[in-house]
Each structure stands twice: as structure tokens, then as C-alpha cells.
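Below is one structure, written out as C-alpha cells; the observations come after it.
In full-length UniProt numbering, the protein residues as written are 1 to 279.
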């Protein structure tokens, strides 16, 4: 389930990406201002998941449709939360690493079966065929930012606000640009490293981006991580630039420069990952 110390990779789709019923619903949703902001949203998601899982564990509840709303280039775009899927994933995760007797007491097999069916339904793409919408609009990573995400954005697309009570650091870009960068990254990595884990990870992200409407917007949001890092670190953060530099070096065959950029990036984010052990 979402952590307050997490980063997010989101895709906002235009209303035309949805069927007519969904278009009407999301248009009214946005017009009435029912959406929550990016600061309040993760906490609301977490609360919804916890409350759903604490309701007797007899079935997966039908949760209300919620989304983040973005106005971009005079158009309304939405990033649905898919709360039912979040609850299903949380139910299955709650059984991981737990003895069978305790797992069955906490998450009964019937509920686990329902949760597994929901997750497999979305992962198989059944919802795409049934409703005309991609499976998941938001990916979540706790205690850090997956390095592959930085390949989808550019340093010049950064939005940062560190004054006042709400600190924000995020990147937003058209999905067409994110896809071009992703495909270039895959090409460079496959040529230089072959079937390495990082190559496969970027390929998976590239396939995910291809599921969405061509006029969508991609957002990499540092989320609650901004509260873990000093202001100077956030201001000077150039992680997308380091990834771009590393890929450029690999394309030139300069392994030394590529390793230098990668090691610098890993060292920077290891500091955040170590905070999880201290928490």
C-alpha cells in the first residue's frame, strides 16, 4: 500500500481516452472540483486502503472512483487511482512472508482468491478490452525513485517549490517525449549491456507508456521524499541529467564516464534508502 515516503510515476489521460460514460463522469468530477491535490492524495489513498482491508476481510469492496486532475494545454486530463486494484495488491502483499496459518487468519483464502483475480485481470489487459482504459495510471515506489524513471523525463522539465509548508519537486512532460526517450534508452542499453536487469526494467516501463493515449502527460513526482531531503539537495538534484549523461556515454562507448554517472546517481539515492532502516 502507498507509503507517505514514496515517489510516483503517473500518466494523465485526456477525457477522449475513455468511453462515453467515463468521459461524462470524469468531466463532472473535474468541474465540481472533487479531486484532491498531489499532497493530500497519497494520504487519502492510504487511508482508503487501510479502511477497506479492515472491514471484516469478507470481500473486496466497491470503492469510489477517484483521480488526480490536471489542466494541460487547455484540456482536462485525469489520472485514476484504481483503488480496488490497490486494495487487492495490499491484500496479497499482506500474506507475503507470513506463515500459512497466520496468513489465512489475516487474509482468508476466499478474499486472497478475489484479490488475485482482480490483479491478474488488470495485468492481463482485460480491462483494456472491456472498458477501453489502460490498467494502471500510477506507479508507486517507497523510499526512493527507481533510476529507470529518470530516463523518461528531462532536467529542464523540473518544477520545484520549496517555500511554505508544502514542498514539491516533480517533472511533467508530454508522453510522446517520454516515449522517445524511453525507446532511445532501451536501444542504447540493449546495444551496450544486452539482457541486463536495467535493460529489461526500462523495456517494461516503455511498454507501460505505450498503453496510453498519445496526448497524455507523464509526471514523475518526488512525493513525500521531499520531506526527507535538505533543501540544498533538492535544489541541486540533477538525477535526470545524470541518467542522460550516462546513456550518452554508453552510446559513445565511454564506459568510464557512464559508470561515473551511474555511481553518483546510486550514491545519491542510497542515502534515502538507508533512511528506511532508521525509520
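Glycine included, every Cβ here is placed at the ideal spot set by N, Cα and C.
query, result
"Short Cβ contact (7 Å threshold) for residue 8 with residue 221", "yes"
"Of the residues 205, 155, 219, the one placed nearest residue 243, counting alpha carbons only", "155"
"Local Cβ density within 10 Å of residue 82, reported as buried at 16 or more and exposed below that", "buried"
"Identity of the residues DSSP links to residue 139 by a beta bridge", "9"
"Residue 219, DSSP secondary structure in three states", "strand"
"Cutoff 6 Å; reference residue 179; Cβ partners in own chain excluding five residues on either side", "209"
"Candidates 42, 45, 36, 77: closest to residue 22 by CA position", "77"
"8 Å contact criterion, which residue 153 and residue 12 should meet: CB distance rounded", "The Cβ separation is near 14 Å, so there is no contact."
"Residue from 191, 204, 238 with nearest C-alpha to residue 255", "191"
"Outcome for residue 186 when other beta-carbon atoms lying within 10 angstroms are tallied against a minimum of 16", "buried"
"Where residue 265 falls, given that 16 or more other Cβ within 10 Å makes a residue buried", "buried"
"Reduced DSSP category for residue 26 - H, G, I as helix; E, B as strand; rest coil", "helix"
"Reduced DSSP secondary structure (H/G/I, E/B, other) of residue 81", "coil"
"Residue 272 versus residue 214 - alpha carbon distance", "34 Å"
"Pair within 7 Å by beta-carbon distance, residue 167 and residue 107", "no"
"Contacts around residue 157, its chain only, beta-carbon distance under 7 Å, and the 5 residues preceding and following it disregarded", "171, 172, 173"
"Residue range of the beta strand (DSSP E) that includes residue 161", "158-161"
"At least three beta-carbon pairs within less than 8 Å, the segment 231-243 to the segment 25-44", "no"
"When 161, 193, 199, 206 are compared against residue 183, the one with the closest alpha-carbon", "206"
"First through last residue of the alpha helix (DSSP H) which encompasses residue 231", "231-236"
"Beta-carbon proximity list for residue 64, same chain, < 7 Å, skipping 5 on both sides", "none"
"Between the CA atoms of residue 231 and residue 162 - distance to the nearest angstrom", "7 Å"
"Buried/exposed call for residue 274, threshold 16 Cβ in 10 Å", "exposed"
"Buried versus exposed, by CB contacts within 10 Å (16 or more), residue 223", "buried"
"Strand pairing of residue 173, partner residues [DSSP]", "218"
"Distance, residue 66 Cα to residue 145 Cα", "24 Å"
"Within 7 Å, strictly: CB atoms of residue 283 and residue 201", "Here the chain covers residues 1 to 279 and nothing more, so residue 283 does not appear."
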